[in-house]
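Peer 1: Just so you know, we're using my numbering here: the sequence shown kicks off at -3 and counts up by one.
Dumping the structure here so I can ask a few things about it.
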Amino acid sequence: FEFTFGQLNLEVTATPEYQGCAPFTVEFIDGSAGVVEYFWDFGDGTTSTESDPVHTYEDPGSYVVTLIGYNPDYCIPYDTLTLDFIDVFDLPTAGFIFTPDPPSLFQEVDFTDASLNETTWFWTFGDGAISTEENPSHQYATPGNYKVCLVVENAAGCQDSICDSIEVLEVSLFDSPNAFSPNGDGVNDFYIPVSFGLQSFEIFIYNRWGEMVFYSNDIDFNWDGKFNDVEQGMDTYVYIVNGLGKDGVSYYKQGNITLVR
């Protein structure tokens, strides 16, 4: 047998350094000379015989890594190297709630942080606005669906994020004019109430004898002052409206319309 005098000298570097956020992946790079067999103990119950292993620590904690190198041609064929602690930090857990749900246009929405193990907050509200408050409030100027995201960070610099969709409802409204003049002059020829933000709607119009002369469940309706294609006389008519706004507001309205010719 031929032996090499001296002993193995193990050298290892880790990339990235020796600390990070779970799950934390470390590449161990062997810089030793003369090693032909490797045995790595990563300190979490797992091992490897590769020269340059890559290992992922799933759980937070501090881990001692041990490398044993072997070359039977050396007088002292074994060498052992113990690395500094691998520190794996716990992640925060992002979470939030908001009220009201759903909100209406221009209504203040209160966002409440429900995260765990966090120290900083970064909110994006989906309309270009941001906040770094823990529990911010926000108003939306346009109805629609918005993606609200919260990124939280803990003292170790570890981050978690969560997003939720928020539907901002249009503010509902129904307002009726009190007169119209269907005389064909192109001015105010139709009875057209002002309405928006309604998800269901129906209107009944009665003459002075209680006869229904018009009905519609079309939000975009108009009445030309006719009943069965017959022009109705100049008089005062009663309307009754039932409706439900997208913002949850219920409408029951009764009023008078004057038909002028």
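By construction, the Cβ of each residue, glycine as well, lies at the ideal position given by its N, Cα and C atoms.
#1: Using 8 Å as the cut-off, can you tell me whether the stretch 45 to 55 makes contact with the stretch 97 to 106, which would need three or more C-beta pairs spanning the two stretches below that distance?
#2: Can you tell me whether DSSP reads residue 180 as helix, strand or coil?
#3: For the beta strand (DSSP E) containing residue 187, list its first residue and its last residue.
#4: Which one of 82, 230, 203 has the shortest CA to CA distance from residue 22?
#5: Looking at the strands, I want to know which residues DSSP matches up with residue 141.
#6: Any contact of the stretch 212 to 222 with the stretch 135 to 154, i.e. 3+ C-beta pairs under 8 Å?
#7: Using DSSP with H/G/I as helix, E/B as strand and the rest coil, what is residue 46?
#8: Quick one: residues in its chain with C-beta nearer than 6 Å to the C-beta of residue 201, no 5 flanking neighbours on either side, listed in chain order?
#9: Have a look at residue 256 and residue 196 and give me their C-alpha separation to the nearest angstrom.
#10: Please state whether the Cβ-Cβ distance between residue 121 and residue 247 is less than 7 Å.
#11: Secondary structure at residue 242, three-state DSSP: helix, strand or coil?
#12: Since residue 166 and residue 141 should fall inside the 8 Å C-beta cutoff, what is the C-beta to C-beta distance between them, to a whole number of angstroms?
#13: Going by CA-CA distance only, name the one from 250, 239, 205, 237 that's closest to residue 228.
#14: If we ignore side chains and look at the alpha-carbon of each, how far apart do residue 79 and residue 27 end up?
#15: So, helix, strand or coil for residue 79, using DSSP?
#16: Since residue 92 sits in a beta bridge, which residues does DSSP pair it with?
#17: Which residue or residues does DSSP assign as beta-bridge partners of residue 17?
#18: Put residue 256 into one of helix, strand or coil per three-state DSSP.
#19: For a quick check, are the C-beta atoms of residue 56 and residue 92 less than 7 Å apart?
#20: Locate the beta strand (DSSP E) running through residue 72, then write down its first and last residues.
#21: Would you say residue 58 and residue 90 are within 7 Å of each other, going by their C-beta atoms?
#22: Tell me, which residues are paired with residue 250 by DSSP?
Peer 2: Well, looking at it:
#1: When C-beta atoms of the stretch 45 to 55 are compared with those of the stretch 97 to 106, fewer than three pairs fall below 8 Å, so the two segments do not count as touching.
#2: In this structure, residue 180 counts as coil in the three-state DSSP scheme.
#3: Counting along the chain, residue 187 falls outside any beta strand (DSSP E), and DSSP gives it neither H nor E.
#4: Considering only alpha carbons, the answer is 82.
#5: In the DSSP assignment, residue 141 is bridged to 163.
#6: No, because fewer than three Cβ pairs between the stretch 212 to 222 and the stretch 135 to 154 fall closer than 8 Å, the two stretches do not touch.
#7: In the structure shown, residue 46 sits in coil (DSSP, three-state: anything other than H, G, I, E or B).
#8: Cβ within range, chain order: 209, 210, 233, 235.
#9: Taking C-alpha positions only, residue 256 is separated from residue 196 by approximately 29 Å.
#10: No.
#11: Coil at residue 242, not helix or strand.
#12: With 8 Å as the limit, residue 166 and residue 141 do not qualify as a contact, their Cβ atoms being about 12 Å apart.
#13: Of the listed residues, the one whose Cα sits closest to residue 228 is 205.
#14: Rounded to whole angstroms, residue 79 to residue 27 spans 14 Å at the Cα level.
#15: It is a strand residue.
#16: For residue 92, which the question treats as bridged, DSSP gives the partners 109.
#17: Note: residue 17 sits in a beta bridge opposite 85.
#18: Residue 256 falls in the coil class under three-state DSSP.
#19: Not in contact: residue 56 and residue 92 (Cβ atoms no closer than 7 Å).
#20: Start and end: 70 to 72.
#21: Not closer than 7 Å, so no.
#22: According to DSSP, which records beta bridges pairwise, residue 250 is partnered with 236.
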